[in-house]
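J.: Number 66 in this note's numbering belongs to position 77 of the sequence shown; there are no gaps in the numbering. Positions of the beta carbon are idealized from the N, C-alpha and C atoms, including for glycine. A single structure is presented below for examination.
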Amino acid sequence: MPDKPLPRNLHEENRISWNAATEAHNSHKIDQASFLRNNGHTLFPEELDLLGDLKGKKLVHLQCNAGQDTLSLAKFGADVTGVDISDTAIIFATQLSKESGIPATFIRMDVFDWLDQTVASGERYDIVFSSYGAICWLSDLPRWANRIGKILSPGGRLVLVEFHPFASIFEEDWSIKYDYFTSGKPMNWGDGIGDYVAMSGSALSPMGKLEGIKDFVNPHPCHEWIWTIGDILESVIAAGMTIRAFREYPYSNGAKLLKGMTEKPGRRMYPPPHLPALPLMYGLVAGN
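Written as structure tokens, this is what we have:
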């Protein structure tokens, strides 16, 4: 079946919105180069556990944002490439690599274009990694999974650690407002990507937190796609990959995305105490 046309206009609006948001996010973080150059990294135990030994692995980090996690992966021995649609993010990541002395390759490109280009080139990767708020920016999940299946080396793995799509049904005050099943239709937000780093306090700034840009308002709209767990698993399986691990967690790492979340050790965010345990994050490993 031929690919459906991508909604390029929505991708472009997301690029512009991410450019503005990324500047705000990084304004809150103290001397990131020094933090990475020394003993610091920005990864959580969940992704490190699922990734396993990274020494000598050729790894691509899709939708890498400003490169902090990508460079942290390099510190664990991976040969890393980061890809992101945001100009601001890739410029920052490239400079951070230089200033920290941690080698990495960063590419500014729509993830779908990069995947198609990589399939055509024959280049292959041991690990394809993506995490924390990446899947919701994909307008065509089956296409994404299909291309990943084609760029994995023999024995290669897709490793995904993500916010659980179930949490997307809630408004900020935990009232149930949004559909879980959206049939691949975009959710359109006129107020764009917000400053979730400021909202999360020190949890997303392990290097130390600055006040940075105050009361950030993004003037550029954005568009998200909510893919269910079923959508994700079916797309990965249809791409010819085998599910090796799937885990769900009753907390989310770092990001305090809804009001009243309780932070517990390890920068883990739980629902307010009056709510039952809910799935807020998941981890997936799949391979060929």
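Just grab the DSSP bridge partners of residue 117 for me.
T.: 49, 147
J.: When the Cα atoms are used, what is the spatial distance from residue 60 to residue 90?
T.: 10 Å
J.: Rounded to the nearest angstrom, what separates residue 179 and residue 127 at their Cα positions?
T.: 18 Å
J.: The beta strand (DSSP E) that contains residue 73, what's its start and end?
T.: 68 to 73
J.: Which partner residues of residue 158 appear in the DSSP bridge assignment?
T.: Partner(s): none; residue 158 has no beta bridge.
J.: Where does residue 224 sit, in a helix, a strand or coil, going by DSSP?
T.: helix
J.: DSSP three-state label for residue 274, please.
T.: strand
J.: Between the Cα of residue -2 and those of 135, 99, 196, spot the shortest distance and give me the residue it belongs to.
T.: 99
J.: Could you check what DSSP says for residue 34 in three-state terms: helix, strand or coil?
T.: helix
J.: When we look at the beta-carbon of residue 245 and count the other beta-carbons within 10 Å, is it buried (16 or more) or exposed?
T.: buried
J.: Run through DSSP, which three-state label would residue 178 get?
T.: strand
J.: Between the Cα of residue 271 and the Cα atoms of 183, 122, 87, 171, which residue gives the shortest distance?
T.: If we check each option's Cα against that of residue 271, 122 comes out closest.
J.: Tell me which residues share the same chain as residue 173 and place their Cβ nearer than 7 Å to its Cβ, disregarding the 5 neighbours each side in the sequence.
T.: 214
J.: With a Cβ-Cβ cutoff of 9 Å, do residue 217 and residue 277 count as a contact?
T.: no
J.: Under 8 Å: do the segment 11 to 18 and the segment 134 to 148 share three or more Cβ pairs, one atom per stretch?
T.: no
J.: Hey, residue 177 and residue 9: beta-carbon distance below 9 Å or not?
T.: Taking the C-beta atoms as reference points, residue 9 is found no nearer than 9 Å to residue 177.
J.: Suppose you measure from the CA of residue 102 to the CA of residue 53; what does that come to, to the nearest Å?
T.: Roughly 15 Å separates the two Cα atoms.
J.: Identify, in the order they occur along the chain, each residue of the same chain with its Cβ nearer than 6 Å to the Cβ of residue 197, setting aside the five sequence neighbours on each side.
T.: 19
J.: Name the two residues that bound the continuous alpha helix (DSSP H) containing residue 7.
T.: -3 to 15
J.: With DSSP run on the structure shown, which of helix, strand or coil describes residue 103?
T.: helix
J.: Looking at the unbroken beta strand (DSSP E) that takes in residue 234, where does it start and where does it end?
T.: 231 to 238
J.: For residue 171, which of helix, strand or coil comes out of DSSP?
T.: coil
J.: Within 10 angstroms of the Cβ of residue -6, are there 16 or more other Cβ atoms? Answer buried if so, exposed if not.
T.: exposed
J.: Quick one, are the C-beta atoms of residue 115 and residue 48 less than 9 Å apart?
T.: yes
J.: Would you decide whether residue 161 is buried or exposed? Buried here means 16 or more other CB atoms lie within 10 Å of its CB.
T.: exposed
J.: Going by DSSP, what residues sit across from residue 241 in a beta bridge?
T.: 258
J.: Taking C-beta to C-beta, are residue 136 and residue 168 nearer than 9 Å?
T.: It is not a contact, given that the beta carbons lie outside the stated cut-off.
J.: When you compare each of -8, -9, -4 to residue 211 by their alpha carbons, which one comes out closest?
T.: -4
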